[in-house]
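**Student:** Below you will find the structure I want to go over with you.
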Amino acid sequence: MHDIKWIRENPEAFDAAMSMRNADITAARLIDIDAERRRLMTEHQELLARRKTISGDIGKAKKNGENADDLMAEMGGLKDRIKAAEDGQAALNEQLDLLLMSFPNILDASVPKGADEDENVEMRRWGTPAEFAFSPAEHFDLGEKLGMMDFATAAKLSGSRFVILRGQLARLERALAQFMIDLHVNEHGYEETTTPMLVKDDAMFGTGQLPKFAEDSFKTTNDMWLIPTSEVTLTNQVAGDIIDVASLPLRYTALTQCFRSEAGSAGRDTRGMIRQHQFSKVEMVSIVDPDQSDAELERKTKCAEEVLERLGLPYRTILLCSGDTGFSAMKTYDIEVWLPGQGRYREISSCSNTGEFQARRMNARCRAQGDKKTRFVHTLNGSGLAVGRCLIAVMENYQQADGSIKVPEALLPYMGGLAEISATK
275 MHDIKWIREN PEAFDAAMSM RNADITAARL IDIDAERRRL MTEHQELLAR RKTISGDIGK
335 AKKNGENADD LMAEMGGLKD RIKAAEDGQA ALNEQLDLLL MSFPNILDAS VPKGADEDEN
395 VEMRRWGTPA EFAFSPAEHF DLGEKLGMMD FATAAKLSGS RFVILRGQLA RLERALAQFM
455 IDLHVNEHGY EETTTPMLVK DDAMFGTGQL PKFAEDSFKT TNDMWLIPTS EVTLTNQVAG
515 DIIDVASLPL RYTALTQCFR SEAGSAGRDT RGMIRQHQFS KVEMVSIVDP DQSDAELERK
575 TKCAEEVLER LGLPYRTILL CSGDTGFSAM KTYDIEVWLP GQGRYREISS CSNTGEFQAR
635 RMNARCRAQG DKKTRFVHTL NGSGLAVGRC LIAVMENYQQ ADGSIKVPEA LLPYMGGLAE
695 ISATK
């Protein structure tokens with residue numbers, strides 16, 4: 275959601291920002307709608323004032339025995355004019371609001387200009403991809419040969435893009451999630467949170483999924499939404515609140531199931547667990563003082579990177595260019611983990627600073643003690659990590675020639691000491 279007052283005062287800056295986003299809008303169009311809306315507001319106020327004056331004049335005329343026909347006729351005409359001004363103002367308010375909520379966030383100055391993912395900028399790498407004495411398999415081949423990854427039965431139950439995990443692979447996924455939560459809570463200062471997985475329209479609007487991206491999510495028959503990420507619930511906890519600046523930052527983490535329709539993904543990653551309709555993810559959300567959000571993004575990205583480092587999984591961190599940055603974000607780092615079965619890096623986390631974009635939609639503000647003025651908080655979110663994709667990375671990076679999978683040292687306490695997953699274990 276954008277501030278029309280800021281757009282009026284900074285039309286060239288707004289146009290430049292939307293040009294970076296390839297958004298089909300100009301400040302002039304918005305300002306014209308806003309000018310007509312404000313003209314109708316003024317007209318409406320003047321008409322109401324005139325009605326009040328005439329009402330008084332009619333009373334005086336009648337009291338003095340004077341003819342009030344002209345005044346009565348004018349009063350009758352005012353009713354229609356007031357209704358027309360009200361209706362026109364309401365229509366323009368709706369038109370302006372729909373436009374302001376449909377355009378993406380303004381990018382941070384450090385975001386590179388680019389058309390798509392091919393123009394993203396690599397910031398750093400960690401770890402060296404292992405060299406195998408055999409041709410490394412992809413996760414779905416490994417999982418099916420172990421008898422612990424079942425796509426066929428999942429398809430019988432639910433259709434495509436679902437999976438059933440069994441035995442030690444199911445335990446490994448649970449171990450990964452618990453390891454991530456423990457790390458973020460015990461060492462990174464996040465508060466573990468359990469949230470609903472069904473939300474109302476307002477929550478999806480607050481974080482930017484609605485109205486533009488409704489087709490990407492699942493909606494129930496009673497108008498509830500299955501969350502595509504717990505960013506929705508964690509962030510919306512502060513919707514409508516005024517927070518004492520002294521209590522910031524607020525840092526929340528949650529492990530939830532996530533649900534996505536994968537609209538527009540036909541033909542992409544059709545085999546395996548890379549792109550699922552339902553998956554588990556550990557999310558990290560921060561609510562911060564506006565002056566601290568840049569530093570918080572770097573901190574949050576490091577928290578996500580540390581999960582991979584503790585697991586010994588090579589990765590690279592990418593700064594997304596203007597054409598690849600998401601709708602609500604002003605700046606995003608993607609972390610991509612090395613998958614030897616595919617022979618390439620694949621996204622496993624996105625860490626974003628949305629600035630005040632979501633806060634405006636949620637009306638989430640902060641105020642220092644003693645101050646009357648409030649400011650919108652800044653909100654940030656990041657995967658810490660996508661658990662299913664992390665399972666894939668562990669399987670492919672720790673696979674052995676016989677198809678077994680070594681358990682990373684960091685996960686041994688969560689696996690009851692089990693050091694290897696194999697068909698015989």
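Heads up, this note's numbering is the position in the sequence shown plus 274, with the first residue counted as 1. Just so you know, even glycine gets a beta-carbon here, dropped at the ideal spot from N, CA and C. Bear in mind the structure is a predicted one, so any value in this text is a computation, not a measurement.
Report the rounded CA-to-CA distance for residue 377 versus residue 296, giving the unit in angstroms.
**Tutor:** 10 Å
**Student:** Can a CB atom of chain C be found closer than 8 Å to the CB of residue 296?
**Tutor:** No chain C appears in this structure, which consists of one protein chain only.
**Student:** I'd like the span of the alpha helix (DSSP H) that includes residue 459, first residue to last.
**Tutor:** 441–460
**Student:** Out of 395, 493, 648, 417, state which residue places its alpha-carbon closest to the alpha-carbon of residue 596.
**Tutor:** 395
**Student:** Could you give the DSSP three-state label for residue 672: helix, strand or coil?
**Tutor:** coil
**Student:** If I measure Cβ to Cβ from residue 472 and keep anything under 8 Å in the same chain, skipping five residues before and after, which residues do I get?
**Tutor:** 494, 498, 499, 500, 501
**Student:** Just verifying my parser: in three-state terms, what is the DSSP assignment at residue 399?
**Tutor:** Strand.
**Student:** Report yes if the C-beta distance between residue 348 and residue 380 is below 8 Å; otherwise report no.
**Tutor:** no
**Student:** DSSP state of residue 464, grouped into three classes?
**Tutor:** coil
**Student:** So what's residue 517 in DSSP terms, helix, strand or just coil?
**Tutor:** strand
**Student:** Going straight from the alpha carbon of residue 691 to that of residue 445, what length do you get?
**Tutor:** Our two residues, residue 691 and residue 445, have alpha carbons roughly 12 Å apart in a direct line.
**Student:** Can you name the start and end residues of the beta strand (DSSP E) that residue 608 belongs to?
**Tutor:** 605–613
**Student:** Just to confirm my understanding: we take residue 641, look at its own chain, exclude 5 residues before and 5 after, and list those with CB closer than 8 Å. What are they?
**Tutor:** Result list for residue 641: 516, 517, 518, 519, 647, 648, 649, in chain order.
**Student:** Looking at the strands, I want to know which residues DSSP matches up with residue 655.
**Tutor:** According to DSSP, residue 655 bridges with 559, 626.
**Student:** Closest by CA to residue 513, which one among 546, 475, 340?
**Tutor:** The candidate whose alpha carbon is nearest that of residue 513 is 475.
**Student:** Spell out the partners DSSP gives residue 529 in its beta bridges.
**Tutor:** 556
**Student:** On the CB-based measure, 16 or more other CB atoms within 10 Å of its CB, does residue 654 come out buried or exposed?
**Tutor:** buried
**Student:** Helix, strand or coil for residue 548, going by three-state DSSP, please let me know.
**Tutor:** In the three-state DSSP reduction, residue 548 falls in the coil class, being neither helix nor strand.
**Student:** Hey, how far is the Cα of residue 525 from the Cα of residue 572?
**Tutor:** 14 Å
**Student:** Quick one: give me the first and last residue of the alpha helix (DSSP H) that residue 305 is part of.
**Tutor:** Residues 301–337.
**Student:** Ignore the nearest five residues each way along the sequence and tell me which others in residue 411's own chain have a CB closer than 7 Å to its CB.
**Tutor:** 615, 673
**Student:** Considering Cα atoms alone, identify which of 280, 633, 485, 531 is closest to residue 557.
**Tutor:** 531
**Student:** With respect to the beta strand (DSSP E) encompassing residue 639, which residues constitute its N-terminal and C-terminal limits?
**Tutor:** Per DSSP, the continuous beta strand (DSSP E) segment holding residue 639 begins and ends at 639–641.
**Student:** With distances taken between CB atoms, is the gap from residue 560 to residue 574 smaller than 8 Å?
**Tutor:** Taking 8 Å as the cut-off, the Cβ atoms of residue 560 and residue 574 count as close.
**Student:** Can at least three beta-carbon pairs, one atom from the segment 478–494 and one from the segment 590–604, be found at a separation below 8 Å?
**Tutor:** Result yes; three or more Cβ-Cβ pairs closer than 8 Å.
**Student:** Which term fits residue 491, buried or exposed, when burial requires 16 or more other beta carbons within 10 angstroms of its beta carbon?
**Tutor:** buried
**Student:** Please confirm whether residue 421 and residue 697 have their CB atoms less than 8 Å apart.
**Tutor:** Closer than 8 Å, so yes.
**Student:** Could you pull out every unbroken beta strand (DSSP E) segment of at least 3 residues lying fully inside the segment 353–428, listed in chain order?
**Tutor:** Listed in chain order, the complete beta strand (DSSP E) runs (minimum 3 residues) inside the segment 353–428 are 395–400.
**Student:** Span of the beta strand (DSSP E) holding residue 507?
**Tutor:** Per DSSP, residue 507 belongs to no beta strand (DSSP E); it is in the alpha helix (DSSP H), 505–510.
**Student:** Identify which residue in 550, 536, 467, 625 has its Cα closest to the Cα of residue 511.
**Tutor:** Closest by alpha carbon: 467.
**Student:** Taking just the CA atoms, how far does residue 306 sit from residue 582?
**Tutor:** For residue 582 and residue 306, the distance between alpha carbons rounds to 51 Å.
**Student:** With H, G and I counted as helix, E and B as strand and the rest as coil, what does DSSP make of residue 286?
**Tutor:** helix
**Student:** Using 8 Å for Cβ pairs, my map puts residue 578 next to residue 658. What's the rounded Cβ distance?
**Tutor:** Correct: roughly 5 Å between the Cβ atoms.
**Student:** If I'm right that residue 408 touches residue 660 with Cβ under 8 Å, what's the distance once you round it to whole angstroms?
**Tutor:** The pair is not a contact, with the Cβ atoms about 27 Å apart (cut-off 8 Å).
**Student:** Going by Cα to Cα distance, which pick from 462, 584, 567 is closest to residue 527?
**Tutor:** 462
**Student:** Tell me where the alpha helix (DSSP H) around residue 542 begins and ends.
**Tutor:** Neither: residue 542 is in no alpha helix (DSSP H) and is coded neither H nor E.
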